[in-house]
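Numbering (UniProt numbering), first residue to last: 1 to 273.
Worksheet: one structure, shown below.
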Amino acid sequence: MNRTYGEKPLKQSDLVLSVTKTREELEEAIDYENKRSNIDSAKKRAVLYGYDYEGFRQMVLGAHLFSIKSNDLNKFSQGEDSSLSGIYDRKKVVLNSEQTTFNNVNDLSMRNQQETEAFNIIIAEQLGKSELIAKNFREFRKNFDKFYQKDLNEVTAQIVYMLLKAQNYDSIKKIFMMDFDIAYFNKILDVFDFVFKNAIVPNKNIEEMLFIVHFLHELSKLKDFQFQVPGFLSKAEKQYLKQFISNINEQIKQNFPENLPPELEDVVKYYQK
């Protein structure tokens, strides 16, 4: 017996059309729900990390963007993508938290606000695809490996740096346990060193140096970390660590003598032993 669709018999083409339309409606609903979920998540992260209004807006805008493939981001970081020409100039980029939410502009006169927002949104979008606060070393390693590159540039260093800044003391304790791979401490130092060397803007990058000192101080209090660092570092790695600590100690005392962090002395003592 033929079923009817209104007054007419139901044809195969009607079934195909109906299935296609239903699928499109379902895809739209899923897309809307994903977008809503991403925006809500972005708002929560923005509030959690204490961003100002502009940072909050950029984080939410980042939730709207499509996923950027890693090779596309690499092309962007090397200035190879013509569609992004004019947005990125590595000589003009400095990691500095007082300038923008994502620490990236030294001289705003060198690039207009639209270019700055485009750069920031890409980083917000990349971070927005990951659950930043790690529950253990494996989760931390997964995110870290996703963004870290041996030859750091302003994009990759900034993303990993924000990943590190997102961790709280509880997550740090869970990350740096006995199963922590000491090679990642050296990679973290590479990121800190890059940030430090590219953020020397007198009286404007104290927040970055204070964070680095605070982060290293938190690590030095963990027994599992104490078991590995500096004891298991190679001679060259120990020298690199001592030099980094010496440099940041000197810069803080030279540029911010009135704002010496209380942890600085302990950090210098622990990592230079």
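Using N, Cα and C, we set each Cβ at its ideal position, and we do this for glycine too.
Source: prediction; values computed, not measured.
Determine the DSSP secondary structure at Asp224, reduced to helix, strand or coil. Mapped onto the sequence shown, residue 224 falls at position 224. If DSSP states are grouped into helix, strand and coil, Asp224 belongs with the helices.
Cα-Cα, which of Phe180, Glu265, Gln251 is closest to residue 275? Here the chain comprises residues numbered 1 to 273, so residue 275 is not present and cannot be evaluated.
Considering only the alpha carbon of each residue, which of Lys221, Gln167, Val191, Phe211 lies closest to Thr156? Numbered from its first residue, the sequence shown carries residue 156 at position 156. Looking at the Cα atoms, Val191 is the closest of the given residues.
I believe Lys269 touches Leu260 by the beta-carbon criterion, under 8 Å. Please report the beta-carbon distance rounded to the nearest angstrom. Here residue 269 corresponds to residue number 269 of the sequence shown, with the count starting at 1. Here residue 260 corresponds to residue number 260 of the sequence shown, with the count starting at 1. Their Cβ separation, rounded to whole angstroms, is 14 Å, which puts Lys269 and Leu260 out of contact at 8 Å.
Compare the Cα-Cα distances from Met177 to each of Ser234, Glu218, Asn143 and report the closest residue. The residue given as residue 177 occupies position 177 in the sequence shown. Answer by Cα proximity: Glu218.
Do Phe140 and Ile188 have their C-beta atoms closer together than 7 Å? Residue numbering aside, residue 140 sits at position 140 when the sequence shown is read from its first letter. Residue numbering aside, residue 188 sits at position 188 when the sequence shown is read from its first letter. Contact flag unset, no.
Could you spell out where the alpha helix (DSSP H) holding Asn162 opens and where it closes? Along the sequence shown, read from residue 1 onward, the residue named residue 162 stands at position 162. In the sequence as presented, Asn is not what sits at residue 162; that position holds Met. Here the alpha helix (DSSP H) through Met162 covers 154-165.
Could you tell me the alpha carbon to alpha carbon distance between Val93 and Gln158, rounded to whole angstroms? On the sequence shown, residue 93 is found 93 positions in, with the first residue counted as 1. On the sequence shown, residue 158 is found 158 positions in, with the first residue counted as 1. With a pLDDT of 33 at Val93, under the threshold of 50, the modelled position of this residue cannot be trusted; read the value that follows with caution. Approximately 11 Å between the Cα atoms of the pair.
DSSP state of Asn106 mapped onto helix, strand, coil: In the sequence shown, counting from the first residue as 1, residue 106 sits at position 106. For Asn106, the predicted structure reports a pLDDT of 40, less than 50, and the residue's modelled location is therefore unreliable. A value from the coordinates is still provided. If DSSP states are grouped into helix, strand and coil, Asn106 belongs with coil.
Would you mind stating whether Tyr271 and Ile248 have Cβ atoms separated by less than 7 Å? Against the sequence shown, residue 271 aligns to sequence position 271. Against the sequence shown, residue 248 aligns to sequence position 248. In this structure, Ile248 does not lie closer than 7 Å to Tyr271 by Cβ.
Three-state class that DSSP yields for Ala134 in the structure shown: For the purposes of this step, residue 134 is identified with residue 134 of the sequence shown, where counting begins at 1. In this structure, Ala134 counts as coil in the three-state DSSP scheme.
Cβ shell of Leu222 (< 7 Å), same chain only, five flanking positions each side left out: Counting from 1 along the sequence shown, the entry for residue 222 is found at position 222. If we look at Leu222 and ignore the five residues flanking it on each side, its Cβ neighbours are Lys173, Phe176.
Given Asp181, which residues of its chain have a CB within under 8 Å of its CB, disregarding the five upstream and five downstream residues? Indexing the sequence shown from 1 puts residue 181 at position 181. Excluding positions up to five away in sequence, the list reads Phe137, Arg141.
Taking only three categories from DSSP, how would you classify Ser234? One-based indexing of the sequence shown puts residue 234 at position 234. Coil.
Just mark Asp193 as buried or exposed, buried being the case when its beta carbon has 16 or more other beta carbons within 10 Å. Stepping through the sequence shown from its first residue, residue 193 is reached at position 193. So Asp193 ends up on the buried side.
Under 7 Å between the Cβ atoms of Leu264 and Val213? The count along the sequence shown starts at 1 and reaches residue 264 at position 264. The count along the sequence shown starts at 1 and reaches residue 213 at position 213. Yes, the pair counts as a contact, with Cβ atoms nearer than the cut-off.
By how many angstroms is the C-alpha of Glu28 removed from the C-alpha of Lys165? Working through the sequence shown from its first residue, we reach residue 165 at position 165. Working through the sequence shown from its first residue, we reach residue 28 at position 28. The alpha-carbon atoms of Lys165 and Glu28 are separated by roughly 35 Å.
Could you compute how far the alpha carbon of Pro230 sits from the alpha carbon of Glu25? Numbered from its first residue, the sequence shown carries residue 230 at position 230. Numbered from its first residue, the sequence shown carries residue 25 at position 25. Looking at the two C-alpha atoms, the distance is approximately 58 Å.
If you run the structure through DSSP and keep just helix, strand and coil, what is Phe144? Sequence index remark: in the sequence shown, residue 144 carries index 144 (1-based). Helix, per DSSP.
Tell me whether Tyr161 is buried or exposed, calling it buried when 16 or more other Cβ atoms sit within 10 Å of its Cβ. Looking up residue 161 in the sequence shown gives position 161. By the 10 Å Cβ count, Tyr161 comes out buried.
If you compare alpha carbons, which of Asp266, Phe215, Glu207 is closest to Asn255? Counted from its first residue, the sequence shown places residue 255 at position 255. Closest option to Asn255, Cα to Cα, is Glu207.
Can you tell me whether Tyr169 is buried or exposed? The criterion is at least 16 other CB atoms within 10 Å of its CB, across all chains shown. To locate residue 169, count along the sequence shown from 1; it is residue 169. With fewer than 16 other Cβ atoms within 10 Å, it is exposed.
Report the option in Asp179, Glu154, Phe185 whose CA atom is closest to the CA atom of Phe144. Within the sequence shown, residue 144 is the residue found at index 144, counting from 1. When only C-alpha atoms are compared, the closest one is Phe185.
Helix, strand or coil, according to DSSP, for Glu263 in the structure here? Position 263 of the sequence shown holds residue 263. Coil, per DSSP.
So, with DSSP's three-state summary, where would you put Asp190? Here residue 190 corresponds to residue number 190 of the sequence shown, with the count starting at 1. Three-state DSSP puts Asp190 in a helix.
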